[in-house]
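*Asks:* Protein chains in written order, with this note's numbering: chain A, 378 to 903; chain B, 203 to 513. In this text, a Cβ means the ideal position worked out from N, Cα and C, and glycines have one as well. Bear in mind that the values here come from a model prediction, so they are computed numbers and not experimental data.
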Amino acid sequence: MRKKVNLILTAVLLVTFILSSCNGSSSKKNDPNTLYVGNYFGALGDGWLKEAAKGWEALHDNEYKIEIINEKDLYSSSTLATTMPTNREDMYLLTGLTYETFIDKGYLHDITDIVTTELSEYGETRTIEEKIFPQVRDYYNQEDKYYALPFHMAFTTIVYDIDLFDEYNFYFNYSGAGFITQASQKKSVGPDGVEGTDDDGLPATLSQFKQLLAEMRKKGVKPFTWTGQYPHYRKRWLASAWVDYEGAYGYNLNNNFSGAYNFGDGSVTINNSNAYLLQKQPGKLYALELAASIMDDPDYYSSFGFTTSQSHLSAQDEFLMSRQRNQPIGMIIENTWWESEATGTFNDMSVKYGDKWSKANRRFGMLPIPKPDDGSGAEEMTLMCTGGDSVVCIYSGSPKTALAEDFVRYLHSDEILRLFHRYTGVARAFDYDLTASDLAQMTEYTKIMYNYTNNLNLPIVFYNMFESELRRNNYSYFLEWSWNTTVNSVPYDDPFIAFRNMASMTPQKYFDGLSAPYSDWGNRFL
Amino acid sequence: MRARKLGGLKSSKRKRLIFYICLLAYPLAHYAVFYIGVNINSVLLAFKKFDGGEFSFLEASNFFANFSNFSGDLFKTSLLKYAAKNSLLMYGVSLLIVLPLNLMFSFFLYKKIPLKGFYRIVLFLPQIVSSIVMAMMFKYFVERGLPGLFSKFNIELPTLLTDVKTAFSTIIAYNIWAGFGTQIIIYSGAMSRISEELVESGKLDGMNMFQEFIRITLPLIYPTVSLFLVAGVAGIFTSQAALYNFFGDEAQANVSTLGYFLFVRVIGKSSTFNDYPYAAAAGLLFTAAALPITLGAKYLLDRFDPMRDAI
Chain A
378 MRKKVNLILT AVLLVTFILS SCNGSSSKKN DPNTLYVGNY FGALGDGWLK
428 EAAKGWEALH DNEYKIEIIN EKDLYSSSTL ATTMPTNRED MYLLTGLTYE
478 TFIDKGYLHD ITDIVTTELS EYGETRTIEE KIFPQVRDYY NQEDKYYALP
528 FHMAFTTIVY DIDLFDEYNF YFNYSGAGFI TQASQKKSVG PDGVEGTDDD
578 GLPATLSQFK QLLAEMRKKG VKPFTWTGQY PHYRKRWLAS AWVDYEGAYG
628 YNLNNNFSGA YNFGDGSVTI NNSNAYLLQK QPGKLYALEL AASIMDDPDY
678 YSSFGFTTSQ SHLSAQDEFL MSRQRNQPIG MIIENTWWES EATGTFNDMS
728 VKYGDKWSKA NRRFGMLPIP KPDDGSGAEE MTLMCTGGDS VVCIYSGSPK
778 TALAEDFVRY LHSDEILRLF HRYTGVARAF DYDLTASDLA QMTEYTKIMY
828 NYTNNLNLPI VFYNMFESEL RRNNYSYFLE WSWNTTVNSV PYDDPFIAFR
878 NMASMTPQKY FDGLSAPYSD WGNRFL
Chain B
203 MRARKLGGLK SSKRKRLIFY ICLLAYPLAH YAVFYIGVNI NSVLLAFKKF
253 DGGEFSFLEA SNFFANFSNF SGDLFKTSLL KYAAKNSLLM YGVSLLIVLP
303 LNLMFSFFLY KKIPLKGFYR IVLFLPQIVS SIVMAMMFKY FVERGLPGLF
353 SKFNIELPTL LTDVKTAFST IIAYNIWAGF GTQIIIYSGA MSRISEELVE
403 SGKLDGMNMF QEFIRITLPL IYPTVSLFLV AGVAGIFTSQ AALYNFFGDE
453 AQANVSTLGY FLFVRVIGKS STFNDYPYAA AAGLLFTAAA LPITLGAKYL
503 LDRFDPMRDA I
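#1: At what residues does the beta strand (DSSP E) containing B:S258 begin and finish?
#2: Taking the alpha carbon of A:A779 as the reference point, which residue from A:E592, A:M468 and A:S617 has its own alpha carbon closest?
#3: In terms of residue numbering, what span does the alpha helix (DSSP H) encompassing A:M842 cover?
#4: Exposed or buried, which one is A:M672 when buried takes at least 16 other CB atoms within 10 Å?
#5: For A:H609, go through chain B and note every residue whose CB falls closer than 8 Å to its CB, in chain order.
#6: Less than 8 Å separating the beta-carbons of A:F634 and A:A652?
#7: Return no unless some Cβ of chain B is closer than 8 Å to the Cβ of A:V867.
#8: Work out the CA separation of B:A483 and A:L835 for me, nearest whole Å.
#9: State whether the region 797 to 815 of chain A contacts the region 423 to 437 of chain B, with contact taken as three or more CB pairs (one from each stretch) at a distance under 8 Å.
#10: List the residues of chain A that B:L363 touches, going by C-beta distances under 8 Å, in chain order.
#11: B:N271 by DSSP, collapsed to three states: which one?
#12: Between A:Q701 and chain B, is any beta-carbon pair separated by less than 8 Å?
#13: Assuming B:A267 contacts B:L276 (C-beta within less than 8 Å), just tell me the rounded distance between them.
#14: Determine the extent of the beta strand (DSSP E) in which A:E444 is found, giving its start and end residues.
#15: Considering only the beta carbon of each residue, do B:I299 and B:I386 sit closer than 8 Å?
#16: Which residues of chain A have a Cβ atom closer than 7 Å to the Cβ of B:K341, listed in chain order?
#17: In chain order, what residues of the same chain have a beta carbon less than 8 Å from the beta carbon of B:M203, not counting five sequence neighbours either side?
#18: Check whether the region 447 to 460 of chain B and the region 353 to 367 of chain B touch, using three or more Cβ-Cβ pairs below 8 Å as the test.
#19: Determine the closest residue to A:N831 out of A:T558, A:A531 and A:R700, with distance taken between C-alpha atoms.
#20: Using only the alpha-carbon positions, how far apart do A:E666 and A:K612 sit?
#21: Could you say if the region 397 to 410 of chain B and the region 324 to 338 of chain B meet the contact criterion of at least three C-beta pairs nearer than 8 Å?
#22: Whose C-beta lies closer than 7 Å to the C-beta of A:Y677 among residues of the same chain, with five residues either side of it excluded?
#23: Tell me the start and end of each unbroken beta strand (DSSP E) in the region 702 to 727 of chain A that is at least 3 residues and wholly inside, in chain order.
#24: Alpha carbon to alpha carbon, what distance is there between A:R740 and A:K733?
#25: In chain A, which residues lie less than 8 Å from B:F249 when you measure between Cβ atoms?
#26: Whose Cβ in chain B lies nearer than 7 Å to the Cβ of A:R901?
#27: Let me see if you follow: with CB-CB separation under 8 Å, is B:S258 close to chain A or not?
#28: Tell me the DSSP secondary structure of B:D507 in three-state form.
#29: Since B:T426 sits in a beta bridge, which residues does DSSP pair it with?
#30: Taking the runs of the alpha helix (DSSP H) that are 4 residues or longer, which of them lie wholly in the region 321 to 402 of chain B?
#31: What does B:A455 touch in chain A if you count any residue whose Cβ is under 8 Å from its own?
#32: So, does the region 490 to 497 of chain A touch the region 794 to 805 of chain A, judging by three or more C-beta pairs under 8 Å?
#33: Let me confirm a value: A:E520 is counted as buried when at least 16 other C-beta atoms fall within 10 Å, else exposed. Which label applies?
#34: Below 6 Å CB to CB, which residues in the same chain sit around A:G553 once its five sequence neighbours on both sides are set aside?
#35: Buried or exposed for A:K661, going by 16 or more other Cβ atoms inside 10 Å?
#36: Please report how far the alpha carbon of A:N400 lies from the alpha carbon of A:K657, in whole angstroms.
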């Protein structure tokens, strides 16, 4: 009897062991009529994709099915580099991929044909290639071939609460010298200098920005909160201030290490031998001044913004619920998709406090980077997109590349590009127009963002779109390229923390130390 | 009859041999692949580069580039200098604070102080609970609990885990707290094997508790203590001091340790295959540094073993 029990137990353990080791998408059944789509399951969710999949299946009279495989950590470049050949997924929608490495490995299917053929099956006269934003087209076009398409286009910006700003009249008056006292008063023209646009009344210069912070504090409103768990939010916003100052050409030198730049004492040709000089771009000093102005007073920001227990979701809660907690907060540093992430909080609030607090009814806007008072830097506004390496791609070893190609074309028809935008509030780097019906379904914030990213023809740079081979091949070395500094032999990589904790730290000192971490440039690269 | 016996013997021998082979085949294969194979691969990796989608050996003129890049960073960049300083500091703390505390608590448990079972559980808890859970508990305690408590007395605490002046000290405090457990179990186990008669005779000679600890307990458990000390030396280069649990791959530069630096290079969200040869070279350099230190420490500890002459 005992022998039998032992045998059974051993068999059960063995089966469990075998089954557990087989737990992977590669070992699951691969249906020839099902297209397996790997979806990076982050803030964008999969609602839009389910909707798109349904439409595509209907187009094929349900002869083919789409199975969405949602993953997050398993879809990092380093993991996919080993798992892509054994995964079941035929194609992927990813938030980041080391594009050239995957091309070199031969994992990406050549999609040039479908990208350069008119989307006539959807009644369109343009090709996908013609719709891609010119700023990113060259990156995806490798020696006249396409292996992937850009996925999403997200921006890290200051989001301000329009309802709160309206209530407290946090807008500059027409002369720009003070604040309006009544909503009916005419506001200043704002950073774009044009009357009647989204940024009217918002601070146009650094000194106005400082004035706004002081005014908010005076009226009992805390200007800022942000996540403390992910310092890259605030650091990326700061990088977008650097971008805005330098303009697209000046900033892109940091991605391509190739071109002329004038540091004020004559033009220098930037190349692999001297790209460390870019640490001295004045745009960095200006961005540091902006950071210092926020850290000037502890009442200007929530102290939770410097705790590791404040996730991006907790920061959103803190921001959205601030008025209910009697500590109103006017602004948050967030990514474009933040409203989508905060849907739960919006819903809870509308149940608890009424429909006024629902996502559809609350109004938020983007506060543009204020320009320097002395008029230095680029005149026009430049946006910095953080999703530069996000891709839509097909695995070259998939037995269903033709089916995947068909779905990729469908995803890039105007109708589905609009569906994506409407659902997520996030833009794609393609030329398409939202209809009045689309806009009616979107929140104020996503409409404003759409206006900035798709309508105004503003220059857009892509944060992690490295054209320089040197930069690409030394990714970790350049990881903290933006804010790595050494002051008095102490390394810092977060200007906000440095200004908060070190009383003697100034933007100039921080700026002066930016070159130090790259002092070994000659030994390493020459 | 004789032939059958011999055949029987042969057959049982064969069966035994098959049994031993079955027993050892898997662990040996595992060791060969996942230890020997992996280590050979990582040694080779230190002389390679990642280019064109695959690893290839560096050109002869540049064969040691990964080593020179890392040693250049170590001596020239403040980030790695700081990481090295923090790693040494962490080892110093484990040597001068964690070890004595562990010995002290182990001795108390061995001496059967009241509620010893309770203390044993409390002190061993950090080892049982997942390290991520422990880090989260600690995080909320220092970032929400403590400031809330101090605010009752109108004292404003800095944000301990991110303030430049307090961040690394707070990490050290966590490591001290989380460092209890394994050592206590092993030390108190070693202490429990000390002969009662020896302790009794010491007491008859008028020895107090402190003298008992110094003259009897410590010398008799010295081999166990020295084992931990020697193993700890290797930790100088590998311990990431739970930084990843607290900060993911976004720890501030001034709290980094050598172990964390390498960990993030290989595991971090932003790591790429291009980083592997550099990390492999750093690992080899660390091994080259740790080897003489470890052997030297072992030699010295053996030399100063209080029971050396007795043995």
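*Replies:* In short:
#1: Here the beta strand (DSSP E) through B:S258 covers E256 to F259.
#2: That would be A:M468, whose Cα lies nearest to the Cα of A:A779.
#3: Looking at the DSSP string, A:M842 is not in any alpha helix (DSSP H), and its letter there is neither H nor E.
#4: Here A:M672 is buried: its Cβ has 16 or more other Cβ atoms, across all protein chains shown, within 10 Å.
#5: What A:H609 touches in chain B, judged by beta-carbon distance under 8 Å, is E452, going in chain order.
#6: Using a Cβ distance threshold of 8 Å, A:F634 and A:A652 count as a contacting pair.
#7: With 8 Å as the cut-off, A:V867 counts as an interface residue toward chain B.
#8: Counting only the Cα atoms, B:A483 lies some 45 Å from A:L835.
#9: No, the region 797 to 815 of chain A does not touch the region 423 to 437 of chain B.
#10: One finds T684 and T685 in chain A with Cβ atoms closer than 8 Å to the Cβ of B:L363, taken in chain order.
#11: Three-state DSSP puts B:N271 in a helix.
#12: Taking CB atoms only, A:Q701 has no neighbour in chain B less than 8 Å away.
#13: With a beta-carbon spacing of about 15 Å, B:A267 and B:L276 fall beyond the 8 Å limit used to define contacts.
#14: Element bounds for A:E444: K442 to E448.
#15: With a cutoff of 8 Å on beta-carbon distance, B:I299 and B:I386 are scored as not near each other.
#16: Within chain A, the residues near B:K341 are T685 and S686.
#17: Its pLDDT being 48, under 50, B:M203 is placed unreliably in this model, and the value from its coordinates should be taken loosely. Excluding five sequence positions before and after B:M203, none of the CB atoms of its chain fall closer than 8 Å to its own CB.
#18: Judged by Cβ distances under 8 Å, the region 447 to 460 of chain B makes contact with the region 353 to 367 of chain B, as three or more pairs qualify.
#19: Checked all of A:T558, A:A531 and A:R700; the closest Cα to A:N831 is A:A531.
#20: Going from the Cα of A:E666 to the Cα of A:K612 covers about 13 Å.
#21: With the cut-off at 8 Å, the region 397 to 410 of chain B and the region 324 to 338 of chain B do not touch.
#22: Here the set comprises L590, R594, P600, F601 and I671.
#23: Fully enclosed beta strand (DSSP E) runs of 3 or longer: 706 to 712.
#24: Between A:K733 and A:R740, the C-alpha separation is close to 10 Å.
#25: Within 8 Å Cβ-Cβ: nothing; B:F249 doesn't reach chain A, min ~17 Å.
#26: At a beta-carbon threshold of 7 Å, the residues of chain B lying near A:R901 are N271 and G274, ordered along the chain.
#27: Output row for B:S258: interface = no.
#28: Here B:D507 sits in coil by DSSP.
#29: Per DSSP, none; premise fails for B:T426.
#30: Segments of the alpha helix (DSSP H) lying fully in the region 321 to 402 of chain B: 333 to 342, 348 to 353, 369 to 380 and 384 to 394.
#31: Residues of chain A passing the Cβ test: E857, N861, P868, Y869 and D870.
#32: No: fewer than three Cβ pairs fall under 8 Å.
#33: Exposed, since its Cβ has fewer than 16 Cβ neighbours within 10 Å.
#34: Once the five neighbours on either side are set aside, the close Cβ partners of A:G553 are S565.
#35: Per the 10 Å Cβ criterion, buried.
#36: For A:N400, the predicted model reports a pLDDT of 49, less than 50, meaning its position is unreliable; a value from the coordinates is still stated below. Their backbone Cα atoms lie some 51 Å apart in a straight line.
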